[in-house]
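Enquirer: Numbering (the working numbering), first residue to last: 2 to 434.
Ideal Cβ placement from N, Cα and C applies to all residues, glycine included.
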Amino acid sequence: MKLTHAVLHHASSNASLVVGFLLLYSVGVVYVRSTCWRDPTSQFFQAQRAHAPSYSTERIQEARRYADSMAKGARVGGKNATIRSPELCIGIPSVQRSGISYLKATLGSLQHGLSNEERDRLQFVVLLAHTNQTQHTDHGESWLVKMADSLPSYHDSAERLALAMRMEENRSHAVKSKFDYSILMEECAKSAAPYMLLVEDDVVFLDGWRHRTIKAISTAMMKSWEAAHSDFLYLRLFYYEALLGWNIESWPKYAAWSTAFAASILSLLNLAKKYVAPARRFITRPVFILSLGLFTPLLLLLFFAAGANCLFPQRPGVQLMPANACCGQGLVFPLSTVVGELLPLFRDNRWSESPTDSFIEDYADATDRLRWALTPIVMQHVGSKSTYEVDKSRYGNMTPSDIWNFAFETNDARRLAEEHARAVAELRGLETS
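(1) Using a threshold of 9 angstroms, state whether the C-beta atoms of Asp121 and Arg66 are closer than that.
(2) For the alpha helix (DSSP H) holding Leu430, just list the boundary residues, first then last.
(3) Starting from the Cα of Tyr103, find the closest Cα among Leu115, Val33, Thr368, Leu145 and give me that residue.
(4) State whether the segment 180 to 188 contacts the segment 333 to 347, with contact taken as three or more CB pairs (one from each stretch) at a distance under 8 angstroms.
(5) Three or more beta-carbon pairs under 8 angstroms between the segment 413 to 421 and the segment 363 to 378, yes or no?
(6) Hey, Pro335 and Tyr240: beta-carbon distance below 9 angstroms or not?
(7) Kindly identify the DSSP beta-bridge partner or partners of Ile101.
(8) Looking at the strands, I want to know which residues DSSP matches up with Phe125.
(9) Look at the alpha carbon of His10 and the alpha carbon of Arg286, and state the distance between them as a whole number of angstroms.
(10) State the Cα-Cα distance for the pair Ala306 and Cys327, rounded to the nearest angstrom.
(11) Expressed to the nearest angstrom, what Euclidean distance is found between the alpha-carbon atoms of Gly246 and Ser265?
(12) For the segment 306 to 326 against the segment 200 to 213, are there 3 or more C-beta pairs whose distance is under 8 angstroms?
(13) Is the beta carbon of Gln330 sitting closer than 9 angstroms to the one on Glu201?
(14) Within 10 angstroms of the Cβ of Asn310, are there 16 or more other Cβ atoms? Answer buried if so, exposed if not.
(15) Please work out which residues of its chain come closer than 7 angstroms, Cβ to Cβ, to Asp69, disregarding the five sequence neighbours upstream and downstream, and give them in chain order.
(16) Report the three-state DSSP secondary structure of Asp363 (helix, strand or coil).
(17) Would Ala130 pass as a contact of Val96 if the rule is Cβ separation under 9 angstroms?
(18) Can we say the segment 227 to 240 touches the segment 370 to 384, given the rule of at least three CB pairs closer than 8 angstroms?
(19) If you scan the segment 166 to 197 from start to end, which runs of the alpha helix (DSSP H) of 4 or more residues do you find wholly inside it?
(20) Indicate the three-state DSSP secondary structure (helix, strand or coil) for Phe334 in the structure shown.
(21) Whose CA, out of Arg167, Leu199, Lys224, lies closest to the CA of Asp358?
(22) Please classify Arg237: does DSSP put it in a helix, a strand, or coil?
(23) Can you tell which of Phe407, Arg423, Val176 has the C-alpha that lies nearest to the C-alpha of Gln49?
(24) Name the residue from Leu108, Ser116, His113 whose alpha carbon lies nearest to the alpha carbon of Val126.
(25) Please report the residue range of the alpha helix (DSSP H) in which Ala326 lies.
(26) Among all the DSSP beta bridges, which residues are the ones paired with Arg372?
(27) Put Gly246 into one of helix, strand or coil per three-state DSSP.
(28) Identify whether Gly318 lies in helix, strand or coil by the three-state DSSP scheme.
Now the structure itself:
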């Protein structure tokens with residue numbers, strides 16, 4: 002009878018332990034599900050909800066209204082408004098896509114909200130990347146003429162035109178995109194701006210992007226010097242979170258984490274059994290088996306299911322991002338890097354079929370050049386139609402795209418405007434001091 006009673010008592014205790022754990026585990030699952038739904042690397046990712054363009058839609062509307070107002074009004078700042086060299090040159094290659102143009106929203110978001118002091122410090126170069134520029138929907142538009150400081154053409158040089166015509170005949174996107182990048186680099190180099198930002202034409206920038214970017218450039222330079230580098234290859238203003246999840250290459254690290262966690266559970270149980278007298282009668286062999294054979298695997302499963310971005314988000318500020326970074330929507334390059342490395346590289350490999358972003362990444366890997374990334378990002382990729390004329394998005398024509406930064410949509414327009422106003426006041430204070 003005593004043996005039977007003991008067996009039933011332990012069975013009841015073990016059942017209660019399992020039920021209690023499962024209840025707590027269910028609470029954990031609910032919490033993780035409510036917290037990690039925006040992380041594309043999470044098993045709890047809610048694609049439709051996460052792709053809601055909460056901030057981008059508002060910003061696109063602001064940008065288009067601003068561009069329309071520029072078409073009707075006078076030019077604000079820029080082009081000969083000041084004798085100083087710009088602090089940043091922004092180059093934008095734009096290709097016509099059937100049925101939609103993103104350029105107005107892109108350029109409008111870059112300029113909307115800028116003070117005269119900020120606008121005067123920037124140079125905007127827009128290349129309508131067609132040998133016959135009238136093929137582009139925005140060619141000759143009043144807002145474009147007023148907002149761009151420079152509108153280069155392939156016809157500016159006989160050599161450029163001949164190369165562009167040959168590339169258009171070959172229909173090689175990868176080759177021509179690198180050629181377009183090199184033209185923008187050359188044009189920005191003429192401005193003597195110490196840094197240049199190359200931007201795809203289907204993105205939108207948040208209010209206050211300039212002061213955040215300038216601060217990030219300064220930080221990237223300081224960190225590069227501390228790492229014994231004279232400069233860096235680029236500063237990334239956009240990245241795709243889905244590539245920053247659990248990677249197969251890191252499985253030894255994950256295995257070590259899992260082993261360490263299981264070992265710590267085993268150690269805690271042994272210590273409690275040895276030194277905590279009241280716990281000895283409860284920590285039985287079945288408890289060890291349940292803890293290591295059921296509870297620990299379930300906890301580890303929940304941990305990895307939660308997603309890497311949710312558990313370990315990118316640290317705010319400027320950090321190295323040498324791997325798993327996508328794509329080339331917005332990269333800042335030092336002038337020294339462009340003139341001394343990238344322009345010669347692009348010319349020497351003019352007919353390479355490697356996509357532009359992959360081409361730059363391959364060069365960085367080969368030369369061990371520093372690649373920095375800014376968090377939070379200051380821009381979003383909103384295009385759903387590529388320069389191949391292929392619809393890439395499952396979620397709509399303007400926003401969002403498959404290459405999407407989900408954290409960007411958490412921006413609050415009012416707070417951004419307040420932050421931007423403080424930055425403008427600080428800039429004006431520096432200019433008057």
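Expert: The relevant details are as follows:
(1) Not a contact, by the Cβ cut-off of 9 angstroms.
(2) The residue you asked about is not Leu; residue 430 is Gly in the sequence shown. Per DSSP, Gly430 belongs to the alpha helix (DSSP H) from 414 to 433.
(3) Leu145
(4) yes
(5) no
(6) no
(7) Arg98
(8) Ile91
(9) Annotation note: pLDDT 46 at His10 (below 50); position unreliable, coordinate value reported separately. Their Cα atoms are separated by approximately 14 angstroms.
(10) 23 angstroms
(11) 25 angstroms
(12) no
(13) In this structure, Glu201 lies closer than 9 angstroms to Gln330 by Cβ.
(14) So Asn310 counts as buried.
(15) Trp144
(16) helix
(17) yes
(18) yes
(19) The DSSP assignment places 174 to 191 as complete runs of the alpha helix (DSSP H) inside the segment 166 to 197, in order along the chain (cut-off: 4 residues).
(20) strand
(21) Leu199
(22) strand
(23) Phe407
(24) Leu108
(25) Per DSSP, Ala326 belongs to no alpha helix (DSSP H) and is neither H nor E.
(26) Tyr235, per the DSSP bridge assignment.
(27) coil
(28) Strand at Gly318.
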